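Undergrad: In terms of the numbering used here, the sequence shown is residues 785 to 1132. By construction, the Cβ of each residue, glycine as well, lies at the ideal position given by its N, Cα and C atoms. Note that the coordinates shown come from a computational prediction; the quantities given were computed from them, not determined experimentally. Quick one: this structure, given as structure tokens, is what I'll be asking you about.
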Amino acid sequence: MAQGGSLGDDKVIWEASPHTLAKHQVYKQYLSKWMPIMVHSWKGDVTYAEGFAGPGVYTGGEPGSPVIALKTLIGDPLIRTRARDLRFLFVEQNNKRAERLRQELEHAATPVPLNDLARYGIDLAVATGDYDPTLVDLLTRRNAWGRPMLVVLDTFGGSVKLDLVRRIALNPSSEVIITFEPQYFARFAGSERVRHGDTVFGDPDWRRVAEQPDSAKAEWVVAKYRSVLQEVGFPFVLTFELVNTRGHSLFLIFGTTHVRGLQKMKEAMWEVDPVHGVQYRDPADPDQQLLDIELEPVTAPLRRELLEHLRGEPEQTASVSDLRRFALYRTVYKESQVKPVLDPTPLG
Ligand SMILES: C[S@@+](CC[C@H](N)C(=O)[O-])C[C@H]1O[C@@H](n2cnc3c(N)ncnc32)[C@H](O)[C@@H]1O
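Set out below in structure tokens:
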């Protein structure tokens, strides 16, 4: 089992929730940065892969993440013409969804038929099956290992086996985006029969979430997962929380082997267009304030986080560059957002 909340398998497509729309905005912004950097620095020999690809469209006609990724390349002539062996590899377990995805990708690639994309340096494949082992097999068959890859593992929140994440982390210049619902793990922590969490975290230590007070369970399990990702080889991990109007949270967990990836992901998440019905929350904010997704972000949580950090420092002082590093590595904020928070507010 690889998912938390789930949809009946009978539905081929479904309505995009505010969480999904916000998540797609983040992907879109990030891909518009990742794709040109990777195509220019690796001569296009890179991979974008998804292990839980979905049908490529929602009932309102909104594109799914595989279509967003393909369009990022096709829509930009400056990078499209430089693609060489640029792999788009998708795995979807449900036959009908996989078939629909092929149709949606065909549509997105128009006027070039999917089978002809190879002539333009694009190697695209949709495989039907369980992500384990179908994704690893597909990456192997298409010669993706040993070259940079961005792998999106968008389960319904239950995440994936750690062995896969470790293997991606050990691959050069690689990144993962994982959707994660802490409630799923909090719910099954006491059940010895449900072993899925042990494969996600690598051992049963995550079950200690059961000992945490209810109000701290989500934060604990996300912090635990973050440290597991760092241990397997992603030195830079960004966790951010999307909260809907009912207070339901979906975490996006981004792991990268490169600090530049972290910086670009932060730029991406602060550039998204507002999405009705969903807000951000910085998991590290002591007050857990909800933030509207807007271009001029509220930085009160950053101020609190910096103050809390300073309290733990010798003589409660730190240089601006230390604080910028803290913001980059430990909060959802960007380094550039630190200085304005430190500057005294002008008197009105
Ligand atoms: C959250 S949806 C993906 C949505 C897509 N990434 C997007 O944003 O448009 C998860 C998909 O994973 C598929 N799925 C569930 N379990 C799977 C498994 N074990 N292996 C591969 N795909 C699976 C489901 O059929 C569903 O289409």
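#1: From R1065 to R1010, what does the alpha carbon distance come to, in whole angstroms?
#2: Are the region 906-918 and the region 971-978 touching by the rule of at least three beta carbon pairs closer than 8 Å?
#3: Would you mind reading off the limits of the beta strand (DSSP E) that contains N1028?
#4: Ignore the nearest five residues each way along the sequence and tell me which others in K1001's own chain have a CB closer than 6 Å to its CB.
#5: Do K1048 and W826 have their C-beta atoms closer together than 8 Å?
#6: How about T963 and T939: are their beta carbons less than 8 Å apart?
#7: Between T1023 and the rest of its own chain, which residues show a CB-CB distance below 7 Å, the 5 nearest in sequence each way excluded?
#8: E1051 and V936: beta carbons closer than 8 Å?
#9: Starting from L901 and walking both ways along the alpha helix (DSSP H), at which residues does that stretch end?
#10: Where F1133 and V1125 are concerned, what is the direct C-alpha to C-alpha distance, given to the nearest angstrom?
#11: Given this structure, state the Cα-to-Cα distance separating V920 from R1088, to the nearest angstrom.
#12: Return the first residue and the last residue of the alpha helix (DSSP H) that F836 is part of.
#13: Is it true that the CB of A837 sits closer than 8 Å to the CB of V875?
#14: Spatial neighbours of A973 within its chain, please: CB distance less than 6 Å, with the 5 preceding and 5 following residues excluded, ordered by chain position.
#15: Give the straight-line distance between the Cα atoms of N927 and I863, rounded to the nearest whole angstrom.
#16: Cα separation between D794 and E1097?
#17: Enumerate, from N- to C-terminal direction, the unbroken alpha helix (DSSP H) stretches of 4 or more residues contained entirely within the region 993-1058.
TA: Judging by the given coordinates:
#1: If you number the sequence shown from 1, residue 1065 lands on position 281. If you number the sequence shown from 1, residue 1010 lands on position 226. Straight-line measurement puts the Cα of R1010 at about 16 Å from the Cα of R1065.
#2: No, because fewer than three Cβ pairs between the region 906-918 and the region 971-978 fall closer than 8 Å, the two stretches do not touch.
#3: In the sequence shown, residue 1028 corresponds to position 244, counting from 1. Its beta strand (DSSP E) spans residues 1020-1028.
#4: Looking up residue 1001 in the sequence shown gives position 217. Once the five neighbours on either side are set aside, the close Cβ partners of K1001 are A970, V993.
#5: As a working mapping, residue 1048 is identified with position 264 in the sequence shown. As a working mapping, residue 826 is identified with position 42 in the sequence shown. Cβ distance not < 8 Å, so K1048 and W826 don't count as in contact.
#6: Counting from one through the sequence shown, the residue named residue 963 turns up at place 179. Counting from one through the sequence shown, the residue named residue 939 turns up at place 155. In this structure, T939 lies closer than 8 Å to T963 by Cβ.
#7: As a first step, residue 1023 is located in the sequence shown; it is residue number 239 there, counting from the start. Here the set comprises V1006, R1010, F1035, I1037, P1067.
#8: Taking the sequence shown and counting its residues from 1, the one referred to as residue 1051 is at position 267. Taking the sequence shown and counting its residues from 1, the one referred to as residue 936 is at position 152. 8 Å or more divides the Cβ of E1051 from the Cβ of V936.
#9: Residue mapping note: residue 901 aligns to position 117 of the sequence shown, counting from 1. Per DSSP, L901 lies in no alpha helix (DSSP H) and is assigned neither H nor E.
#10: Nothing can be reported for residue 1133, as the shown portion of the chain is limited to 785 through 1132.
#11: Position 136 of the sequence shown, counted from the start, is the residue given in the question as residue 920. Position 304 of the sequence shown, counted from the start, is the residue given in the question as residue 1088. Computed Cα separation, rounded: 42 Å.
#12: Taking the sequence shown and counting its residues from 1, one reaches residue 836 at position 52. Where F836 is concerned, there is no enclosing alpha helix (DSSP H), given that its DSSP letter is neither H nor E.
#13: For this step, residue 875 is matched to residue 91 along the sequence shown. For this step, residue 837 is matched to residue 53 along the sequence shown. A contact, by the Cβ cut-off of 8 Å.
#14: Numbered from its first residue, the sequence shown carries residue 973 at position 189. Answer for A973: R991, V993, A994, listed in chain order.
#15: For the purposes of this step, residue 927 is taken as residue 143 along the sequence shown, with counting starting at 1. For the purposes of this step, residue 863 is taken as residue 79 along the sequence shown, with counting starting at 1. Computed Cα separation, rounded: 21 Å.
#16: What you label residue 794 is simply residue 10 of the sequence shown in a count that begins at 1. What you label residue 1097 is simply residue 313 of the sequence shown in a count that begins at 1. So the alpha carbons of these two residues sit roughly 55 Å apart.
#17: 998-1016, 1043-1054, all fully within the region 993-1058.
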